[in-house]
Amino acid sequence: MRRQRGFTLVELLVVIAIIGMLVALLLPAVQSARESSRRSRCANHLKQIGLAVVMHENTRKYFPTGGWDWNSPPTYHSGRPAAGSEQRASWAFQILPYIEAESTWRAGPIEAIKTVQSIYFCPTRRSPQTIVGGDTYDPPLGVNDVERALIDYAGSNRDDDGIIRRYDPLRARQVHDGLSKTMVVAEKRLNLSLLGTPQPDDNEGYASGWNADTMRQTNKSPEPDFYGTGDGEKRFGGSHPAAFNAVFADGSVHSISFDVDRHVFNRVGVVDDGEAYSNSEVFFE
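Numbering-wise (the numbering used here), the sequence shown opens with residue 1 and increments by one.
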């Protein structure tokens, strides 16, 4: 009878080594494909946000405002959400009717504050998330133990010279530099070590008005997310390699390089500085 020959130890080690090499070669490609998919989903979220901003302007004839202060709950008059300069909550609250969340918009301040909107999160960074805590809201809410739905995107510009203004809403005709040249919402920079905890710029939630949770500045260079101490320093940024996603006032979405010149980037957020920039100076495409 013929004896069957098995693997020798050397042959087994060679096979294991080959498998290890194949895994090492394929893993980066798999990770890259996954990140490409997550980046596309993030861009799609911003596309929906941008279209909601455009629809808000088309319907009300002005863009959403940035809200009054971080401790101001959403404003309701006789059970109906206030609008324009009377609304103390953020732009992200004000566009709820245009992202198929009108029931949340009408439900009252506590329900609105705690209800997660999945399109407000970048899938590269995290899944939809809430925290309990943060600062005490002004009356009539007057509490601080409210569950707050967070957000990964911020409006432009916290210097009050962009599309989203603090008190008095801006109209499309006032964007003299062009809607396609003016950024309205983009990914914000965060400390990844503190996700899920009330870090200073990720503790008030998407409905909070005029603070670093929902508004950032283009006069600061964008930077990627990081691990360590501190917060996002009111910068735009994100978890994607090399660039972050942004939506412009015409609803178009672009990736912006982390290496963009700071002075050029500041022009992207200002509505009427009269200084032109080329797409190649800003867009990572």
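All residues carry an ideal CB built from backbone N, CA and C; glycine is no exception. Keep in mind it's a predicted model, so treat the numbers as computed, not measured.
Nearest to residue i by CA position, among the options, is which residue?
i    : options                : result
Q129 : S118, E100, S252       : S118
S278 : V270, V264, V271       : V264
R38  : F248, S239, V185       : S239
V185 : D168, A212, S193, Y153 : Y153
P200 : D135, S280, F63        : D135
D215 : G269, F226, G230, L141 : Residue identity check: residue 215 is Met in the sequence provided, not Asp. For M215, the nearest C-alpha among the options comes from G269.
W68  : M55, H56, R88, W105    : R88
T59  : Q48, E86, I95          : I95
R126 : T104, G133, E187       : E187
D225 : D202, G155, D168, P64  : D202
S156 : P28, G50, T8           : G50
G274 : E281, S280, N266       : N266
S280 : V53, G133, I256        : I256
E223 : D259, W210, N211       : D259
C42  : V271, V282, A243       : A243
R106 : H77, P81, S90, W91     : P81
W210 : K220, S193, N245, I164 : I164
H56  : L27, G84, K114, G178   : G84
According to the neighbour-count rule (16 or more other Cβ atoms, all chains shown, within 10 Å of its Cβ), is residue i buried or exposed?
i    : result
P241 : exposed
M183 : buried
R189 : buried
S40  : exposed
H254 : buried
K61  : exposed
G251 : buried
E204 : buried
V146 : buried
R173 : exposed
I16  : exposed
S208 : buried
T218 : buried
V282 : buried
N144 : exposed
V53  : buried
G79  : exposed
A246 : buried
G178 : exposed
Rounded to the nearest angstrom, what separates residue i and residue j at their Cα positions?
i    : j    : result
A149 : G228 : 24 Å
D102 : L46  : Reading the sequence as shown, one finds Glu at residue 102 and not Asp. Rounded to the nearest angstrom, the two C-alpha atoms are 18 Å apart.
P97  : I19  : 52 Å
Y120 : H176 : 28 Å
L195 : D159 : 26 Å
E11  : D261 : 55 Å
I131 : L25  : 39 Å
E233 : L13  : 51 Å
A112 : R235 : 26 Å
E295 : P123 : The question about residue 295 has no answer here: the residues shown for the chain are numbered 1 through 285.
I151 : A276 : 31 Å
E100 : N71  : 26 Å
V116 : M21  : 43 Å
S90  : Y137 : 14 Å
L141 : D213 : 19 Å
D272 : S221 : 20 Å
G133 : H77  : 26 Å
A33  : K114 : 33 Å
Under 8 Å by Cβ, that's how I've got residue i and residue j pegged, so tell me the actual separation to the nearest angstrom.
i    : j    : result
G66  : R171 : That belief does not hold up - the Cβ atoms of G66 and R171 are roughly 15 Å apart, past 8 Å.
P109 : P139 : Actually they do not touch by this definition, with Cβ atoms about 11 Å apart.
M161 : N191 : A small correction: the amino acid at residue 161 is Asp; Met does not occupy that position in the sequence shown. Contact doesn't hold; Cβ gap of about 27 Å is too wide.
E86  : T104 : Actually they are not in contact, since the Cβ atoms of E86 and T104 sit about 19 Å apart, beyond 8 Å.
S180 : F248 : 6 Å
P169 : F63  : 6 Å
Within 7 Å (strictly less), CB to CB, does residue i reach chain B?
i    : result
D138 : Given the protein chain composition of this structure (a single chain), no chain B is represented.
Answer yes or no: the CB of residue i versus the heavy atoms of the ligand ATP, is any distance below 6 Å?
i   : result
Q87 : The ligand ATP is not part of this structure, which contains no ligands at all.
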